[in-house]
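*Asks:*
Numbering (my numbering), first residue to last: 510 to 648.
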């Protein structure tokens, strides 16, 4: 049925600034139908992709995945460190032992300190330099 001119004009709203606009007419049934249809289509596509992956994996590896290699999980494979640097403690432990030896003094035999500690050696250097500075310059 065709609308009359007065029915069409009655839907036009004139704002305070003189701008004419029509009312919004949303057909919610169509909007919901498109949304539900898109979600169903997405779900069907996801199931289809999953099924393709299962079939492809069965064709590629009919006996299942191969066993885990023996070298996986070791600290070092060949000459390549396998751990992240943040998780590696061996370098810090080695340097810590060297710093401890410098701090406490070191020697060739365990428990025997043959050399001065780093603090004692630096203190001796500072003392000798201070004594040289106090001595008068040769004339």
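By construction, the Cβ of each residue, glycine as well, lies at the ideal position given by its N, Cα and C atoms. Model, not experiment: these values are computed from the prediction.
In three-state terms, what does DSSP make of residue 528?
*Replies:* If you number the chain shown from 1, residue 528 lands on position 19. Coil, per DSSP.
*Asks:* Does the count of Cβ pairs from the region 592-610 and the region 562-581 closer than 8 Å reach three?
*Replies:* The answer is no - the region 562-581 does not touch the region 592-610, with fewer than three Cβ pairs under 8 Å.
*Asks:* How is residue 522 classed by DSSP in three states: helix, strand or coil?
*Replies:* Counting from 1 along the chain shown, the entry for residue 522 is found at position 13. Strand.
*Asks:* Distance, Cα to Cα, residue 631 vs residue 587?
*Replies:* The residue you call residue 631 lines up with position 122 of the chain shown. The residue you call residue 587 lines up with position 78 of the chain shown. Their Cα atoms are separated by approximately 42 Å.
*Asks:* May I ask you to list the residues that DSSP assigns as paired with residue 585?
*Replies:* Here residue 585 is taken as the residue at index 76 of the chain shown, counted from 1. According to DSSP, which records beta bridges pairwise, residue 585 is partnered with 590.
*Asks:* Taking the C-alpha atoms as reference points, what is the distance between residue 540 and residue 546?
*Replies:* If you number the chain shown from 1, residue 540 lands on position 31. If you number the chain shown from 1, residue 546 lands on position 37. Each residue's alpha carbon lies about 10 Å from the other.
*Asks:* Alpha helix (DSSP H) containing residue 611: first to last residue?
*Replies:* Taking the first residue of the chain shown as position 1, residue 611 is located at position 102. Unbroken alpha helix (DSSP H) run through residue 611: 599-613.
*Asks:* Is residue 521 closer than 8 Å to residue 529 when the C-beta atoms are compared?
*Replies:* Mapped onto the chain shown, residue 529 falls at position 20. Mapped onto the chain shown, residue 521 falls at position 12. Result yes, Cβ atoms of residue 529 and residue 521 sit closer than 8 Å.
*Asks:* Span of the alpha helix (DSSP H) holding residue 577?
*Replies:* Working through the chain shown from its first residue, we reach residue 577 at position 68. Here residue 577 belongs to no alpha helix (DSSP H), and DSSP marks it neither H nor E.
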